[in-house]
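A.B. asks: Shown below is the structure under consideration.
Numbering (my numbering), first residue to last: 3 to 151.
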C-alpha cells in the first residue's frame with residue numbers, strides 16, 4: 003500500500019534522494035512521456051511544499067504546493083504526477099486528497115488554484131475545482147485554470 007512519506011514539507015526537509023526521485027519522475031512524465039521540452043526545474047521548488055507518496059520505497063505519486071502569489075493569487079497545487087507503472091489505482095485522486103487535506107490542516111479552508119492539463123478537467127472537477135479560464139497553450143499542451151473554494 004502506498005503511503006505518504008513527506009506530509010507536505012518544505013524543500014529543505016527533502017533528502018537528496020527525495021529531490022532526485024521527484025525530479026526524475028517529473029521529467030520522465032512531463033518531459034519524456036509527454037514529449038514536451040521545457041524546464042521542469044523552474045526555480046519554484048525551493049519555495050514550495052512537497053508531498054511524496056511512496057510504495058516500497060518507490061515514488062509513485064507527487065504534488066507541490068506553491069504559496070499564494072507565486073503563480074496565482076491563491077495557494078496553488080502543481081506538478082501533480084503519478085508513476086506510469088502505478089496508474090489506474092486512484093493514486094492521482096489519493097495524492098490530491100492528501101494534498102488538499104494537508105493544506106487545510108495548515109491553512110484552514112482557503113481557495114486553492116491549479117493550472118490543469120485540459121484533458122484532466124473532469125478529474126479535477128470531481129475534487130471540487132471549477133474552471134476559471136478559457137483553454138490556453140502552455141508548452142504545447144492545452145491547459146485551463148481551475149479553483150477550489
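Backbone N, C-alpha and C fix where the C-beta goes; we use that ideal spot for every residue, glycine too.
Can you tell me which of 150, 14, 89 and 93 puts its alpha carbon nearest to the alpha carbon of residue 118?
C.D. replies: Out of 150, 14, 89 and 93, 150 has the C-alpha closest to the C-alpha of residue 118.
A.B. asks: Is any non-hydrogen atom of the ligand NAP found closer than 7 Å to the C-beta of residue 120, if you look at the structure I gave you?
C.D. replies: With respect to small molecules bound, the structure shown includes none, and the ligand NAP cannot be examined in it.
A.B. asks: Could you tell me the boundaries of the alpha helix (DSSP H) in which residue 101 lies?
C.D. replies: 93-109 is the extent of the alpha helix (DSSP H) around residue 101.
A.B. asks: Cα separation between residue 28 and residue 81?
C.D. replies: Cα to Cα, residue 28 sits roughly 7 Å from residue 81.
A.B. asks: In the DSSP assignment, the alpha helix (DSSP H) including residue 124 goes from what residue to what residue?
C.D. replies: Run containing residue 124: 123-127, per the alpha helix (DSSP H) assignment.
A.B. asks: Would you mind stating whether residue 62 and residue 77 have Cβ atoms separated by less than 8 Å?
C.D. replies: Cβ distance not < 8 Å, so residue 62 and residue 77 don't count as in contact.
A.B. asks: State the DSSP-derived secondary structure class of residue 80, mapped to helix, strand or coil.
C.D. replies: Correct three-state label for residue 80: strand.
A.B. asks: Considering only the beta carbon of each residue, do residue 65 and residue 98 sit closer than 8 Å?
C.D. replies: Result yes, Cβ atoms of residue 65 and residue 98 sit closer than 8 Å.
A.B. asks: So residue 96 and residue 54 are in contact, right, with Cβ under 8 Å, and what is the actual spacing, rounded?
C.D. replies: Not confirmed; about 12 Å, so no contact.
A.B. asks: Check the C-beta distance from residue 21 over to residue 51 and give it rounded, since I have them as a contact under 8 Å.
C.D. replies: Incorrect: roughly 14 Å between the Cβ atoms, too far for contact.
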